[in-house]
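J.:
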Amino acid sequence: MTTSDPPAIVYLTLGSNIAPEHHLKQAVRLLRSYDDVLAISPVYRTAPQGYAQQADFLNMAVKLTTTRSPVAFKTQVIGEIEQQLGRVRDPNNKNAPRTIDLDIALWDDAVLDYGDKPWHIPDPDITRFAHVAIPLADLAPDYVHPENGQTLAQIGAQFDTQTMQRQALDFEAESIFIVNVEAAIWRDGRYLTAIRGEEEEQAAGALGFVGGKVETNATQEADILENTVRREIREEVGLEVSDVVYAHSSLFTTDSGEPVVNVIFLCRYHSGDIIIDDPGEVAGAQWLPPDAILNHPATPPWIHGYLQRVEQVRQRLGW
């Protein structure tokens, strides 16, 4: 499928049993940022399958349209959302608890295999599990399964649903985001990098940029993001910068389930020596060229993307 092809009608199934209300809401929000979500099924509380020693799941389905191919949707949409929401796969337990699980269940009326695994469309779990079949039947009861000829309503009617309980969840309610800023400080061919301290809420021990949250009690109205950047640089490493230029922004969810808007600024070093005031917040700091940052063993994947955007801005400015 190319972008010139008509959009496909796609049905996804979603499940979570780690802060499930939050992660299902965030998954739907992120899906809407990629494609046109047409309908959302009711949410069901269900018992875990395969590994009983864990919390109940919340399961649901979504109908959307996309011009992507199944492979592109799996990697560019599902893969990105699962990464942003902290999905970790246990190689020893495929049924382990998870923040989010998204699967392509139906793709128009296609029957196909796709991807490296490969995965199959229609999802074989439609005829195996109530928590997959019932939400899909809620969305499209008259949809005819392209392999067995039954409607989704007929498939759903074959399951015992007494243990499934509907869970009220408002997907239209607005989320309240934390706003975080980070500073990529440039000096003589290198960026200032910081090792996150053990007291940091997110990614302790990882290599990244200096930064912090915008304070909720901040009084200044103008340039609040830029002023927060300058304050965090001064407090964390004792430096002053002469320029603060917007470079990139992204959304992510913290380990505790809080949604964050993260804003990256390119800054130019002005004066000062590195002085770390709180090792629990910043364990260490050093100036590194871009290649060294990319190849550093403590650099997390998202910093690669941040650095690419920052470098594009820096080169455009001629710094």
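Take the sequence shown: its position 142, counted from the start at 1, is 1131 in our numbering, and no numbers get skipped. Think of the CB as a built atom: it goes at the ideal place given N, C-alpha and C, for glycine as much as any other residue.
(1) Mapping the DSSP letters down to three states, classify T992 as helix, strand or coil.
(2) According to DSSP, what are the bridge partners of G1004?
(3) Does DSSP put N962 in a helix, a strand or coil?
(4) Leaving out five residues before and five after T1243 in sequence, what residues of the same chain have Cβ atoms less than 7 Å from its Cβ?
(5) Over the uninterrupted beta strand (DSSP E) stretch that includes Q1156, give me the two end residues.
(6) Within the same chain, show all residues whose beta-carbon is closer than 8 Å to that of N1006, passing over the 5 residues directly before and after it, in chain order.
(7) For L1228, which three-state DSSP category applies?
(8) Would you mind stating whether W1291 and T1182 have Cβ atoms separated by less than 9 Å?
(9) Less than 9 Å between the C-beta atoms of E1069 and I1089, yes or no?
(10) Can you tell me whether E1188 is buried or exposed? The criterion is at least 16 other CB atoms within 10 Å of its CB, across all chains shown.
(11) Whole angstroms are fine: how far does the CA of Q1147 sit from the CA of Y1295?
(12) In terms of alpha-carbon separation, which member of A1008, E1161, E1247 and W1096 lies closest to Y1132?
(13) Spatial neighbours of E1215 within its chain, please: C-beta separation below 6 Å, excluding the five flanking residues on both sides.
(14) By the DSSP assignment, the beta strand (DSSP E) with G1201 in it spans what residues?
T.: Taking the coordinates as given:
(1) Position 3 of the sequence shown, counted from the start, is the residue given in the question as residue 992. Confidence in T992 is poor, its pLDDT being 49 and thus under 50, which makes the residue's placement unreliable; the coordinate value appears in the next sentence. Coil.
(2) As a working note, residue 1004 is residue 15 in the sequence shown. According to DSSP, which records beta bridges pairwise, G1004 is partnered with N1048 and D1090.
(3) This structure does not reach residue 962, given that the chain is present from 990 up to 1308, and the question cannot be answered.
(4) The residue given as residue 1243 occupies position 254 in the sequence shown. Hits under 7 Å: E1190, Q1191 and V1249.
(5) Locating residue 1156 in the sequence shown gives position 167, counting from the first residue. Looking at the DSSP string, the run of the beta strand (DSSP E) that includes Q1156 is Q1154 to Q1156.
(6) Locating residue 1006 in the sequence shown gives position 17, where the first residue counts as 1. Hits under 8 Å: P1037, Q1043, A1044, D1045, F1046, L1047, P1086 and R1087.
(7) As a position in the sequence shown, residue 1228 is number 239, starting the count at 1. Coil.
(8) The count along the sequence shown starts at 1 and reaches residue 1291 at position 302. The count along the sequence shown starts at 1 and reaches residue 1182 at position 193. Cβ distance not < 9 Å, so W1291 and T1182 don't count as in contact.
(9) Residue 1069 sits at position 80 when you count from the first residue of the sequence shown. Residue 1089 sits at position 100 when you count from the first residue of the sequence shown. Contact check for E1069 against I1089 fails: the beta carbons are separated by 9 Å or more.
(10) On the sequence shown, position 199 is the one that residue 1188 refers to. Classification for E1188: exposed.
(11) As a first step, residue 1295 must be located in the sequence shown, where it is residue number 306. As a first step, residue 1147 must be located in the sequence shown, where it is residue number 158. Taking the straight line from one Cα to the other gives about 49 Å.
(12) Taking the sequence shown and counting its residues from 1, the one referred to as residue 1132 is at position 143. Residue W1096 is the option with its Cα nearest to Y1132.
(13) Your numbering for residue 1215 matches position 226 in the sequence shown. The answer, listed in chain order, is V1233.
(14) For the purposes of this step, residue 1201 is taken as residue 212 along the sequence shown, with counting starting at 1. G1201 -> beta strand (DSSP E) spans V1199 to K1202.
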